[in-house]
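Chemist: Counting with this note's numbering, you get residues 1273 to 1426 for the letters of the sequence shown.
All C-beta atoms, glycine included, are put in the ideal place defined by N, C-alpha and C.
My questions will all concern the structure given below.
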Amino acid sequence: MASKYLSSLSKDEYSELTKKLWDIQNHKCFICEDEIDLDLNTTNIDHIVTLANEGKDAEVNFAVTHESCNKSKQDANLKIAKILQKLSKIQDSVHAETGKSASLKNILNKYSGSQFDFKHKIENDELKYSFSGVGDNKTYNAPIFTDNLSEEKT
1273 MASKYLSSLS KDEYSELTKK LWDIQNHKCF ICEDEIDLDL NTTNIDHIVT
1323 LANEGKDAEV NFAVTHESCN KSKQDANLKI AKILQKLSKI QDSVHAETGK
1373 SASLKNILNK YSGSQFDFKH KIENDELKYS FSGVGDNKTY NAPIFTDNLS
1423 EEKT
C-alpha cells in the first residue's frame, strides 16, 4: 500500500524528511545499519511497521534505507528486515572464519547473550543439563529420540 503522506510531499519536503530521518538514524540505513552517503547512495523512505499491519502513515513510523536494502526486504516490515540482515551478516562472518554455518551460539555470542557454558551430558538416551552458571543447580532431563530412517539423534 502506498503512503498517502509521502505522496503528498513536494520533492524538497521529501528531501528534508530524508535528511531528518538520516540524522535520527546516525547516518545509517535502518535495515543493514551501514552508513548512508546521501550524495552517493540511492535511498528510500519506508514504513517501519507496514500499513497492512496497522502501522501509522506518519513520520514516527518512517525510516530511511538504502534503496537496495529496501527492495530486498520484499513485503517484510523494516524491523524484520533488520533482524534478517543482522543474521545474514553473522552467517557470512562465521562462514568466512570457519567455513561453517552460524549456530545459535554464534548469534548469542554476537549480542553477549551466551555468557555461560551450557553444561550437559548424555546418559542412556537422555540429555541431562543444568544452569548452574546462573544459580539454578537443578538437573533437568530431556529424552533423546532417534530417527528411524537417518538414525540422527535429537
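Who are residue 1413's beta bridge partners in DSSP?
Modeler: Paired residue(s): 1400.
Chemist: Who pairs with residue 1381 in a beta bridge, going by DSSP?
Modeler: Beta-bridge pairing links residue 1381 to no other residue.
Chemist: Could you check whether the region 1273-1288 touches the region 1312-1327, counting it as contact only if at least three pairs of C-beta atoms, one from each stretch, sit closer than 8 Å?
Modeler: Yes, the region 1273-1288 is in contact with the region 1312-1327.
Chemist: According to the Cβ coordinates, are residue 1353 and residue 1362 closer than 7 Å?
Modeler: No, the pair does not count as a contact, with Cβ atoms beyond the cut-off.
Chemist: What's the C-alpha gap between residue 1295 and residue 1365?
Modeler: If I take the Cα positions, the gap works out to 28 Å.
Chemist: Mind pulling the alpha helix (DSSP H) runs of 4 or more residues that sit fully within the region 1299-1360?
Modeler: The qualifying runs are 1339-1344.
Chemist: Run the CB neighbour count on residue 1417, radius 10 Å, all protein chains shown included, and call it buried at 16 or more, exposed below.
Modeler: Flag for residue 1417 reads exposed.
Chemist: According to the neighbour-count rule (16 or more other Cβ atoms, all chains shown, within 10 Å of its Cβ), is residue 1342 buried or exposed?
Modeler: Buried: at least 16 other Cβ atoms inside 10 Å.
Chemist: Have a look at 1402, 1336, 1312 and 1369 and flag the residue whose alpha-carbon is nearest the alpha-carbon of residue 1297.
Modeler: Measuring from the Cα of residue 1297, the nearest candidate turns out to be 1336.
Chemist: Report the three-state DSSP secondary structure of residue 1419 (helix, strand or coil).
Modeler: Correct three-state label for residue 1419: coil.
Chemist: Are the CB atoms of residue 1410 and residue 1400 nearer to each other than 7 Å?
Modeler: Not closer than 7 Å, so no.
Chemist: What residue range is occupied by the uninterrupted alpha helix (DSSP H) comprising residue 1272?
Modeler: In the structure displayed, the chain extends from 1273 to 1426; residue 1272 sits before or after that span and is not available.
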